[in-house]
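Chains as they are written, first to last, in the numbering used here: chain A, 1 to 431; chain B, 1001 to 1187.
Note that beta-carbon positions come from the ideal geometry of N, C-alpha and C, so glycine has one too.
Since we're looking at a predicted model, the values are computed, not measured.
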Amino acid sequence: MNRRKLLQLLSKGAAAGAFVKLSGGLAQSKIPPSATDTLKVLGTTLREYGERSEFEKDVIRYISPNLRSRHTGADFTPLEKLEGVITPSSLHFERHHGGVPNVNPADYRLVIHGMVERPLMFTLQDLKRFPSVTRTYFIECAGNGQNGYRNPPDMTLTATRSRGLVSNSSWTGVPLSILLKEAGIKEGARWLIPEGQDAAAYIRSLPLEKALEDVLVAYAQNGEAIRPEQGYPVRLVVPGWEGSIQVKWLRRIQVTDTPVMSKDETSEYTDVMADGKIWAFTWVMDPESIITYPSGLQQIGRGFHEMRGLAWSGHGRIRRVEVSLDGGRSWKRASLEPATDPLSVVRFKYNWVWDGRETVIMSRAWDEKGNTQPTQEEFFAKWARNNRYHYNAIQAWRIGADGKVINGDKTLAGAPAQLGAVGRGGCGGES
Amino acid sequence: MRRKWFYLALLALALSALVLAQGRYQIGTPLNEKEVQEWNIRPSILANGVGLPPGQGTVDEGAQVYATHCASCHGTTGEGGAFTRLVSEPFPITKEVDAVDFAIGNYWQYATTLFDYTRRAMPFATPGTLSDNEVYAVVAYILYQNGVIDESEPMNAKTLPKVQMPARALLELDPTTQKRFPWLKLP
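Now the structure itself:
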């Protein structure tokens, strides 16, 4: 081939490979051709409210295609696509009972009444004048884990669908104890009945003792106003307790001597136990952990990997997380990133070299009170198989010889063939 | 001039001491009972019946209300449709019953909850549009469909709190909760 022919080829846009071959063994550049383009042009301008990169648009909440309505139900935080411990506000899981209300902060009022000396009404500005507290707390739906319940196990399970009904934020607000003191609690009062400003006028019962301990009337999430989906402009944050009691769009708190036994603390958010009893007021979230990398539907190669995951407990600080690389036969201690607050999610990590052999990996967490996660068998020895809430059994991931990661949970002996049907019954399922 | 600032500072200190002595910040607008009720447009119905309004409704009247406002989502007789079942067997549930079949007659533990929830949150797309009499009536109809009350029994502030739900016998307090709040009793 002469030089002229070569030029012709190039002008026709012939493959770079041909060029390399022809020009005497020059290796193809290791640098992507357009990797330096941004050095040569002006970027975009200043903008008043930032957006993430256009290349990150697939990091989104998971909304099941089987939902009957998007005005009620839940969507999931994409756990395996996030790092650190703070959930970006736009990716905090959602759970609504009558859609997201559009509350104008100028019209916002919170009224505390019932067994109080002085019924009081607060504007948003009033609430912001009180001494404030900022803490990092997880919020978890009691139905989290329901997708991990199925028997036989769901082979398309991801970390998102297994445990994505948990999110972790920095919350700022006024301690509810301050507002209650302002109104003056009457002798004999035991309960608070907080009510939301949504179409469901959502209500729950909350013991006064917990409210005086650490409950926040929050107006900020990760430094800015709470997102509408999370309760704008004001919500309750009830540290360590199930998400459903942390009433969003808070408009009213009635102080009483009895609980209300509302629909969402009787027909939902009650637990069916293995002895057939139904437990009420199962408020505290038991310890949980999940490996987010490698996790369901991911693909890995041989060599070094930093195994990563999340752990949290409503009983207190996470003290220890262990990982197993051999299907639960042996356990190794993972390292923990320091957590700022006791009821925050913590990030755990474990340095690991994968040798290419098929294996099952799992994690389990302990909190400062000594609570840990059950195996699936242990969980179902205590809870009934049609129970919808508080599933916190160890999640396993199977890594195939090809590096593909899938659900590693076992098929449970003696369970109904289609246990997955329970997924239709509550917030943690997908239909 | 300097002395004036000194006295002002002293006054400010005294005022803040007063506020802190009371343990209050003097923020918020006091409301009288009438003003509270103006805000309380979805009053909570407690399990003992406190909060139930005057009025009543019968099973027959409830059938009409149900057909008009509820059947399109919950099925002609409460068997479920696009949305939740309201009527299902067995009474009460067992640990073998699929959670999708948890309904009012076999899972709900307090009849008052049915009034509270229906008035506060139903019909789903137009909450708060039923009158108190209509709510009593549709509650009566649903309880009747579930075999919990007789056809002739009207529901009102007196009769509804007395209705015994079959699943109440299954309800217990979470032992962890009981340990932490020893005074707590389920109604």
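Counting along the chain, where does the alpha helix (DSSP H) carrying E195/A start and finish?
Under the DSSP assignment, E195/A falls outside any alpha helix (DSSP H), being part of the beta strand (DSSP E) whose first and last residues are W191 to G196.
Is it buried or exposed, E430/A, if we count other Cβ atoms within 10 angstroms and call 16 or more buried?
So E430/A ends up on the buried side.
For the beta strand (DSSP E) containing H96/A, name the first residue and the last one.
Residues E94 to H96.
Is there a Cβ from chain A that is less than 7 Å from the Cβ of E1089/B?
Using a Cβ-Cβ cut-off of 7 Å, E1089/B does not count as an interface residue toward chain A, since no Cβ of chain A sits closer than that to its own.
Taking M1155/B as the reference, give the member of A1140/B, Y1144/B and I1104/B with the closest Cα.
Selected option, being the one with the closest Cα: A1140/B.
Is the beta carbon of Y219/A less than 7 Å from the beta carbon of V234/A?
With respect to V234/A, Y219/A sits close: the two C-beta atoms are nearer than 7 Å.
Does the Cβ-Cβ distance between T77/A and G173/A come in under 7 Å?
Their beta carbons are not under 7 Å apart, which means T77/A does not touch G173/A by this criterion.
Would you mind stating whether V100/A and E224/A have Cβ atoms separated by less than 7 Å?
The answer is no: Cβ separation not under 7 Å.
Could you give the DSSP three-state label for H305/A: helix, strand or coil?
H305/A falls in the strand class under three-state DSSP.
Helix, strand or coil: which one does DSSP assign to K21/A?
For K21/A, the predicted model reports a pLDDT of 48, less than 50, meaning its position is unreliable and no value from the coordinates is stated.
Outcome for W283/A when other beta-carbon atoms lying within 10 angstroms are tallied against a minimum of 16
For W283/A, the number of other beta carbons within 10 angstroms of its own is at least 16, and it is reported as buried.
Anything in chain B within Cβ reach of W283/A, meaning under 7 Å, just list it in chain order.
Within chain B, the residues near W283/A are T1177.
Helix, strand or coil at Y1066/B [DSSP, three-state]:
Y1066/B falls in the helix class under three-state DSSP.
Does the Cβ of E288/A have 16 or more other Cβ atoms within 10 Å, making it buried, or fewer, making it exposed?
That one is buried.
When the cut-off is 7 Å and only beta carbons count, does F1181/B lie next to chain A?
With a threshold of 7 Å between beta carbons, F1181/B makes contact with chain A.
N- and C-terminal bounds of the alpha helix (DSSP H) containing H1074/B:
Here the alpha helix (DSSP H) through H1074/B covers A1071 to H1074.
Report yes or no: do three or more beta-carbon pairs, one from the segment 110-130 of chain A and one from the segment 1023-1032 of chain B, lie closer than 8 Å?
Contact holds: three or more Cβ-Cβ distances are below 8 Å.
Can you name, in chain order, every residue of its own chain whose Cβ lies under 8 Å from the Cβ of G24/A, other than the five neighbours on each side?
With a pLDDT of only 49 at G24/A, under the threshold of 50, the placement of this residue in the model should not be trusted; the figure read from the coordinates follows. Short of 8 Å from the beta carbon of G24/A, and not among the five residues preceding or following it, lies no beta carbon of its own chain.
Answer yes or no: does any C-beta atom of chain A fall closer than 7 Å to that of P1127/B?
The beta-carbon of P1127/B is placed less than 7 Å from the nearest beta-carbon of chain A.
Counting beta carbon pairs with one atom in the segment 179-188 of chain A and one in the segment 108-119 of chain A, are three or more of them shorter than 8 Å?
Judged by Cβ distances under 8 Å, the segment 108-119 of chain A makes contact with the segment 179-188 of chain A, as three or more pairs qualify.
For N1133/B, which option in Q1145/B, K1162/B, S1088/B and Q1064/B has the closest C-alpha, if you only look at C-alpha atoms?
The candidate whose alpha carbon is nearest that of N1133/B is Q1064/B.
V1138/B beta carbon less than 7 Å from that of R1119/B
No, the pair does not count as a contact, with Cβ atoms beyond the cut-off.
Quick one, which of L1046/B, E1033/B and V1100/B has its alpha-carbon nearest N387/A's?
That would be V1100/B, whose Cα lies nearest to the Cα of N387/A.
Return the residues of the segment 187-201 of chain A that lie within a Cβ-Cβ distance of less than 8 Å from chain B, sorted by chain order.
From the segment 187-201 of chain A, only R190, I193, E195, A199, A200 and A201 have a Cβ closer than 8 Å to chain B.
Pull out every residue of the segment 1136-1152 of chain B whose Cβ sits closer than 9 Å to any Cβ of chain E, in chain order.
Included in the structure are the protein chains A and B, with no chain E among them.
Under 7 Å between the Cβ atoms of S267/A and Y1107/B?
Going by C-beta atoms, S267/A is nearer than 7 Å to Y1107/B.
Using a Cβ-Cβ distance under 7 Å, would E1061/B count as near chain A?
With respect to chain A, the C-beta atom of E1061/B has no partner C-beta closer than 7 Å.
C1070/B versus A1125/B - alpha carbon distance:
For C1070/B and A1125/B, the distance between alpha carbons rounds to 11 Å.
DSSP three-state call for G114/A: helix, strand or coil?
In this structure, G114/A counts as strand in the three-state DSSP scheme.
Let's see if you can read the secondary structure: which residues bound the alpha helix (DSSP H) around F130/A?
Boundaries for F130/A: no alpha helix (DSSP H) harbours it, and the DSSP string shows neither H nor E there.
By the 10 Å Cβ neighbour count, where 16 or more other Cβ atoms means buried, how is N168/A classified, buried or exposed?
Flag for N168/A reads buried.
Below 9 Å on C-beta distance, what does I278/A contact in chain B?
Near I278/A (Cβ distances below 9 Å), the residues of chain B are P1092, I1093, Y1107, Q1109, A1167, L1170, L1171 and E1172.
Quick check: V345/A and W383/A, are their CB atoms within less than 7 Å of each other?
Not in contact: V345/A and W383/A (Cβ atoms no closer than 7 Å).
Beta-carbon spacing of S363/A, G428/A below 7 Å
Against a cut-off of 7 Å, the Cβ pair of G428/A and S363/A comes out as no contact.
According to DSSP, is E506/A helix, strand or coil?
Not covered by the structure: residue 506/A. The range shown for chain A is 1 to 431.
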